[in-house]
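A.B. asks: Below you'll find the structure I mean.
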Ligand code: HEA
Ligand code: HEA
Ligand code: CUA
Ligand SMILES: [Cu+2]
């Protein structure tokens, strides 16, 4: 009987291994950590291979020994008591020394890798300040002097040195394909650096927050675009400038910026934009030819396109999408900055749009104390809200209407009139109507 | 915490080591308290010099409105209270000796044998220490340092407050023993009751020795 | 009911009144000395802190050994106290080291 | 041999006798039932977690509820299931294994139990009102401070853990004293059964680790209720303070979770191999070593926080070192079976299962211990795989084995071996099905603690398999529940020496009489019962009787199998009185913490009334308790 059991055991194991292999072949692994795309990950993967090899040897040895023992020494009916042994010093020493030796084989490359990966980054590196917020990422390029959010551009072939900081709770910065994690902590500055291989230009990677940071920890993702140095410079030069529409003096000639965007907005809206609760349509890019480089949407593989469904049930956000086609960016522009038009907090009480000011006064924030993502070149981004939504009009409209429903716990207040605002535990009686939201969306998508 | 030293009235059975259960338990408890105070002291040391606003323990500080705060720690006063606590340990051992040697020559009827006196004196010195601490806390609050003010305030008051709470528990314990002594007289058979209390009391003293040096004397 | 009284418990000798007095005297002297050097220029030298640590460790040891009569008591109690004490002190030192050096290059 | 299990095991029956009991065996049984209940509850929470994650972008529960679920799942499993399950065995077994009539402080023991039940309930109930703790089982500050978690959720967690800590500490002092002082004559330390030894180590871990989390929680409590700044980033606090304090506790805690299971396995393997434990000394010393080293590795949970290369190196090396004593245990267990006559009872299967599965978890642990590699593993499902292999594959398998093994001693009846076999194989397969794929999803980039994920990330299949495995795990646990309940009534009747084991607890009837040993045995070797029944098995170990003085002192007699059953009164053994005071004290203690909650609902007066009122009740009960005699 025991023999039958052990056979059952091994067949179960084989079955399982088989299932995993099948599973493994059928799927692609776009976030695999087993890559050599950066110097950092090359070191780690080398170390991992060593760990895996030694681990497997120990595993196979122990399990084989175990199975062999229980099969060989199973009880036989009527057999006399087995020979009684109480211990054996030689054996004890052996199985102390051998694991110790194996551990030495692990420890040596480990220590080597520790000092390599925690060395000081070369002075010629690109510096990127990463600031974690509940639940989005702020990226600053101090050498270039601009700030963006949730989407990170890196020149392939150059070392980037990330300087990590948090404004609130602890987050952790992770791009599985490019390097390990480093925690993002308030009152403490952390660093991590790596060099994306120069062959990577034109690829995009998923990034995640990997330290539990509250309600929307799962929704705190980001994207990394590795681009050629030339494209990077072009992008950076453009990001440094003011927003396309700003500073605005008179709302009238909205023309230069809008047509392209308007067309796109219109076309996106007329496509009966994704019904609630199913997969939303692909984002609509707004990439003007003459402007700075923007990572082409077309080059984003499916696994990098966010698929978060619209919230359903009591979190559903209804929006009359037919209004989107008629969105007027100029009117939207006035709304974002003018208290009078909203009867409530205008966007600029929290967001920064470079060159834009609140009607009555100054910009409320600088990059150093910003409460919300910098929207200056928002329309050059393909995703928003911690990378969980594609920047499509339908998504943006719902976002502006009720961000708290779109993203659990989001610190952007609910702005749509009549919407239930979870943070206030009540329905709003003021705020934006759908028309106004359509205007604001048009404006946002004009911010190239 | 009191539960750890509970079961005072358990009868003495055969024990493997010949030691009393309660005494074993109190030593285990004291070992555990080492880790408790280690955590408190570590936190205090880690946060030393990390406060972003004053007042500070050893440095003067001027707040943005120009108000000047003196260094907050008062060494002369604390030296006195430290001395009081050290002396309480002395009278504590005398109390134990008095109970243990009840009826023996040199103790019977003498000052040394007056356990009630020594127990009362220990409790009184403990209470004096607490009085010093109350004085210290109030004067700090007057000088602008509360438990909310800064990291130093939080960690200082919590550390010394925890110690003060231990002293308070000890004083209550001593008073309980005193009342038993008054009611029915403690005999050498009860020496263990006094012994475990004394161990606890000395330990609290020893913790203060560490605190006095690490918090008050070292900058 | 307690005729077979626990053996060994009181077999050990306790310190005596004479010792208690000396201990108290030493404790006082060391404390006075500690406070005194706090007010001397010696405070600014690099030896101040180590000296203080040694002094307070001495006081600590004296109280534990004599007042808590650990010196005369069962070895089990020595183990029950020193084991945790060592772990506590090592942890404290480790925590202190971890927090006092700026780890990250740059 | 006894033919019925109907021997009245305890002289009193009825609910009240359970509420007021101070008998370590009854308290052990109470721990067992309560902890199994919480285990189901935590498993159910895991079930919902896996349901939500079965497919990408599902909507089974909201993000907020999911976060409460995994927090409570982890907290429940660790503090309300595995630790108390171990405590059940400490209570039931330690006095029996060392030849004592009870623990050193029976009423304190009852107090520990009641604090545990009430504290556990206190922490568990809020999940029904959507206000359960939601900061993760290690509750990293500053997320758990007031500015970022203003609800009552975290308050329940802080106070619940504080309460449970008191329970664990009280129990630990009790068991330390018991093991040091209540051993029968001749039961030297190096003759103690390995389970008692491992428990002994665990008590020290508890006594040294819990004060640290107590202080960390006090800081958090003060921050939340009294406005201190310990974790207040605006005041310049260092968020790593919490992490260090937590893990100084947290790593010893994981050995608190595993060592009792190691102890149980060390009892089961020799019994069913019909050989004494191989390398007893080494197994004991390695247990001590694990406990000791366990205090020097905590920062391996923090390799991503940027401690610097030096600290990373040191903690990596100390962590790796722990693999050696653990490996020594594994090899000694295998050597125990080597050359034996292995009987595959359900208990034995679980014990062997532990060896097989814990090894996997241990190896992934060593993979974590390499900091650069851990930067890719930490906070992913690879870690989730690691700790479920050690916790489920280690602790839970060991505890299941222990339950099958000791059930006859506890209840007087065997559990069904047929159902036990089903339970084992289902669990074994399902466990691997659930947790093995997590190694893959983790290394392929899946972060932990996410309530949702997008399709096409390379994780879909693995998650689906994990969730299917969980379904099977629930099924297999139900088999166990049925077995457990059914065998209570209709299981085969067990004799005192139910399995042919060698240690003292098997010399007395099953279930044991309330006084355990009619006469205190004196012990001359590690396996007293084998000395009696199978002298050939112990002939190789040194025997020696304790000196005459100790024997007469304790009224001890040589070990013999006690089969008759008399009441304590007939034998003239004084038994402790039942008392309800521990329960009252426990209730007052819990109310004392609970009252503080009203501060956060702005009812300051109510809070103070309840807290101060129950504090006085607590102190009063304590006085009454301490001044009333035990017998
Ligand atoms: C029962 C509980 C338990 C046990 C016993 C262990 C045992 C070990 N654990 Fe585990 N661990 C946890 C519970 C446990 N762990 C939990 C709950 C977490 C996560 C907490 C959280 O984040 O929520 C965790 C996380 C964790 C981390 C942090 C991961 C991260 O978050 O990044 C690390 C890192 O080093 C680690 C290491 C180890 C090691 C080296 C051991 C060793 O003790 C293992 C030793 C055993 C063996 C190695 C196998 C047997 C040995 C041999 C057969 C000899 C030959 C072997 C070799 C030479 C390798 N564990
Ligand atoms: C001993 C500890 C222990 C045990 C046994 C388990 C058991 C299980 N755990 Fe556990 N788990 C942890 C400790 C444990 N876990 C910890 C510490 C964490 C980290 C938490 C954190 O991140 O803060 C965690 C996190 C964790 C996660 C990660 C969540 C996340 O990061 O988002 C997942 C996901 O799959 C998971 C799954 C499971 C499953 C499927 C089981 C299964 O084994 C459960 C099987 C089910 C049962 C055994 C009970 C079923 C029985 C019934 C339902 C019967 C009911 C019927 C009646 C009442 C009659 N666990
Ligand atoms: Cu930010 Cu998780
Ligand atoms: Cu650990």
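Protein chains in written order, with this note's numbering: chain A, 803 to 1250; chain B, 87 to 305; chain C, 171 to 276; chain D, 10 to 640. Ideal placement from N, C-alpha and C gives every residue a C-beta, glycine not left out.
1. Please identify the residue among 928(A), 899(A), 938(A) whose C-alpha is closest to the C-alpha of residue 945(A).
2. Given a cut-off of 8 angstroms on the beta-carbon distance, is the pair residue 533(D) and residue 195(D) in contact?
3. Helix, strand or coil, according to DSSP, for residue 305(B) in the structure here?
4. Helix, strand or coil: how does DSSP classify residue 1049(A) here?
5. Is residue 138(B) buried or exposed, if buried means 16 or more other CB atoms sit within 10 Å of its CB?
6. Residue 1011(A) by DSSP, collapsed to three states: which one?
7. Per DSSP, residue 950(A) is paired with what?
8. Is there at least one non-hydrogen atom of ligand 4 closer than 7 angstroms to the beta-carbon of residue 306(D)?
9. Against chain D, which members of the segment 227-261 of chain C pass a CB distance test of less than 9 angstroms?
10. Quick one: residues in its chain with C-beta nearer than 8 angstroms to the C-beta of residue 392(D), no 5 flanking neighbours on either side, listed in chain order?
11. Would the C-beta of residue 80(D) count as close to ligand 2, meaning under 7 angstroms from any of its heavy atoms?
12. With a threshold of 8 angstroms on Cβ separation, who are the neighbours of residue 97(B) within its own chain once the five nearest residues in sequence on each side are excluded?
13. Using the beta-carbon count (16 or more within 10 Å), is residue 212(D) buried or exposed?
14. Do residue 168(D) and residue 605(D) have their beta-carbon atoms positioned less than 8 angstroms apart in this structure?
15. Spatial neighbours of residue 467(D) within its chain, please: CB distance less than 6 angstroms, with the 5 preceding and 5 following residues excluded, ordered by chain position.
16. Between residue 522(D) and residue 613(D), what straight-line distance do the alpha-carbon atoms span, to the nearest angstrom?
17. Here's a check: name, in chain order, each residue in its chain whose Cβ is nearer than 7 angstroms to the Cβ of residue 190(D), leaving out the five neighbours to either side.
18. Just to confirm, does residue 396(D) get its C-beta within under 7 angstroms of one of the non-hydrogen atoms of ligand 1?
19. Using a Cβ cut-off of 8 angstroms (strictly closer), state whether residue 204(B) contacts chain C.
20. Give the straight-line distance between the Cα atoms of residue 473(D) and residue 544(D), rounded to the nearest whole angstrom.
21. Any chance you could list the residues with Cβ under 6 angstroms from a heavy atom of ligand 3, keeping chain order?
22. Just to confirm my understanding: we take residue 180(B), look at its own chain, exclude 5 residues before and 5 after, and list those with CB closer than 6 angstroms. What are they?
23. Just how far apart, CA to CA, sit residue 42(D) and residue 86(D)?
24. Spatial neighbours of residue 373(D) within its chain, please: C-beta separation below 6 angstroms, excluding the five flanking residues on both sides.
25. Does the beta carbon of residue 296(D) sit closer than 8 angstroms to a beta carbon anywhere in chain C?
26. Cβ of residue 660(D) less than 8 angstroms from any chain C Cβ?
27. Would you give the residue range spanned by the beta strand (DSSP E) that residue 624(D) belongs to?
28. Step through the CB atoms of chain D and report whether any lies within less than 8 angstroms of the CB of residue 1083(A).
29. Where does the unbroken beta strand (DSSP E) through residue 992(A) begin, and where does it stop?
30. Mind checking if residue 253(D) is an interface residue toward chain C, Cβ cutoff 8 angstroms exclusive?
31. Is it buried or exposed for residue 422(D), if we count other Cβ within 10 angstroms and need 16 for buried?
32. Let me know if residue 1044(A) comes out buried or exposed under the rule of 16 or more other beta-carbons within 10 Å of its beta-carbon.
33. Give the DSSP bridge partners of residue 289(D), in chain order.
34. Out of 142(D), 403(D), 145(D), 174(D), which has the shortest C-alpha to C-alpha gap to residue 122(D)?
35. Return the chain-ordered ranges of every alpha helix (DSSP H) run that is complete within the segment 232-285 of chain B and spans a minimum of 4 residues.
36. Hey, would you say the C-beta of residue 381(D) is under 7 angstroms away from at least one heavy atom of ligand 1?
C.D. replies: On the basis of the coordinates in this document:
1. Here residue 945(A) is taken as the residue at index 143 of the first chain, counted from 1. Out of 928(A), 899(A), 938(A), 928(A) has the C-alpha closest to the C-alpha of residue 945(A).
2. Numbered from 1 along the fourth chain, position 524 holds the residue referred to as residue 533(D). Numbered from 1 along the fourth chain, position 186 holds the residue referred to as residue 195(D). Yes, they are a contact pair.
3. Within the second chain, residue 305(B) is the residue found at index 219, counting from 1. If DSSP states are grouped into helix, strand and coil, residue 305(B) belongs with coil.
4. Along the first chain, read from residue 1 onward, the residue named residue 1049(A) stands at position 247. Bear in mind that the predicted position of residue 1049(A) carries a pLDDT of just 43, short of 50, making it unreliable; the figure below should be weighed with that in mind. Residue state for residue 1049(A) is assigned as coil, using DSSP reduced to three classes.
5. Taking the second chain and counting its residues from 1, the one referred to as residue 138(B) is at position 52. Residue environment for residue 138(B): exposed (fewer than 16 other C-beta atoms within 10 angstroms of its C-beta).
6. Within the first chain, the letter at position 209 stands for residue 1011(A). Annotated three-state conformation of residue 1011(A) is strand, per DSSP.
7. To locate residue 950(A), count along the first chain from 1; it is residue 148. Residue 950(A) is bridged to 941(A).
8. Translated into the one-based positions of the fourth chain, residue 306(D) becomes position 297. Correct: residue 306(D) has its Cβ closer than 7 angstroms to ligand 4.
9. Taking 9 angstroms as the Cβ-Cβ cut-off against chain D, the residues of the segment 227-261 of chain C that qualify are 246, 250, 253, 254, 257, 258, 260, 261.
10. Counted from its first residue, the fourth chain places residue 392(D) at position 383. These residues qualify, in order along the chain: 377, 386, 451, 457.
11. The residue you call residue 80(D) lines up with position 71 of the fourth chain. True, at least one ligand heavy atom lies under 7 angstroms from that Cβ.
12. Taking the second chain and counting its residues from 1, one reaches residue 97(B) at position 11. With a pLDDT of 42 at residue 97(B), under the threshold of 50, the modelled position of that residue is not reliable, and the figure given next carries that caveat. Excluding its 5 nearest sequence neighbours in each direction, residue 97(B) has no C-beta neighbour in its own chain below 8 angstroms.
13. As a first step, residue 212(D) is located in the fourth chain; it is residue number 203 there, counting from the start. Per the 10 Å Cβ criterion, buried.
14. Stepping through the fourth chain from its first residue, residue 605(D) is reached at position 596. Stepping through the fourth chain from its first residue, residue 168(D) is reached at position 159. Contact: yes.
15. Here residue 467(D) is taken as the residue at index 458 of the fourth chain, counted from 1. The answer, listed in chain order, is 453.
16. Taking the fourth chain and counting its residues from 1, one reaches residue 522(D) at position 513. Taking the fourth chain and counting its residues from 1, one reaches residue 613(D) at position 604. Counting only the Cα atoms, residue 613(D) lies some 51 angstroms from residue 522(D).
17. Position 181 of the fourth chain, counted from the start, is the residue given in the question as residue 190(D). Within the same chain, residue 190(D) has close Cβ partners 113.
18. Working through the fourth chain from its first residue, we reach residue 396(D) at position 387. Set against 7 angstroms, the gap from the CB of residue 396(D) to the closest heavy atom of ligand 1 is smaller.
19. Translated into the one-based positions of the second chain, residue 204(B) becomes position 118. Taking 8 angstroms as the CB threshold, residue 204(B) stays off the interface with chain C.
20. Within the fourth chain, the letter at position 464 stands for residue 473(D). Within the fourth chain, the letter at position 535 stands for residue 544(D). One alpha carbon belongs to residue 473(D), the other to residue 544(D), and they sit about 54 angstroms apart.
21. With the criterion CB distance below 6 angstroms from any heavy atom of ligand 3, the matching residues run 934(A), 937(A), 973(A), 1011(A), 1013(A), 1014(A), 1015(A), 1019(A), 1022(A) along the chain.
22. For the purposes of this step, residue 180(B) is identified with residue 94 of the second chain, where counting begins at 1. Same-chain partners within the cutoff: 204.
23. Translated into positions along the fourth chain, residue 42(D) becomes position 33. Translated into positions along the fourth chain, residue 86(D) becomes position 77. If I take the Cα positions, the gap works out to 14 angstroms.
24. Counting from one through the fourth chain, the residue named residue 373(D) turns up at place 364. The answer, listed in chain order, is 395.
25. As a working note, residue 296(D) is residue 287 in the fourth chain. Not closer than 8 angstroms to any Cβ of chain C, the Cβ of residue 296(D) fails to qualify, so no.
26. The question about residue 660(D) has no answer here: the residues shown for chain D are numbered 10 through 640.
27. Along the fourth chain, one-based indexing puts residue 624(D) at 615. Counted as a single uninterrupted DSSP element, the stretch harbouring residue 624(D) is not any beta strand (DSSP E) but the alpha helix (DSSP H) occupying residues 613-636.
28. By 1-based counting over the first chain, the position of residue 1083(A) is 281. Because residue 1083(A) carries a pLDDT of 32, less than 50, the predicted location of this residue cannot be relied on, and the following value inherits that uncertainty. So, not an interface residue.
29. The sequence position of residue 992(A) within the first chain is 190, counting from 1. Boundaries of the beta strand (DSSP E) harbouring residue 992(A): 992-996, taken from the DSSP string.
30. Counting from one through the fourth chain, the residue named residue 253(D) turns up at place 244. Yes, residue 253(D) counts as interfacial toward chain C.
31. Taking the fourth chain and counting its residues from 1, the one referred to as residue 422(D) is at position 413. It counts as buried.
32. Position 242 of the first chain, counting from 1, holds the residue named residue 1044(A). Burial is judged here by how many other beta carbons sit within 10 angstroms of a residue's own beta carbon; residue 1044(A) has fewer than 16 and is exposed.
33. Along the fourth chain, read from residue 1 onward, the residue named residue 289(D) stands at position 280. Under DSSP, residue 289(D) forms no beta bridge with any residue.
34. The residue labelled residue 122(D) in the question sits at position 113 within the fourth chain. That would be 174(D), whose Cα lies nearest to the Cα of residue 122(D).
35. At a cut-off of 4 residues, the continuous stretches assigned as alpha helix (DSSP H) that sit fully inside the segment 232-285 of chain B are 237-270.
36. Residue mapping note: residue 381(D) aligns to position 372 of the fourth chain, counting from 1. No, since every heavy atom of ligand 1 falls outside the 7 angstroms radius drawn around the Cβ of residue 381(D).
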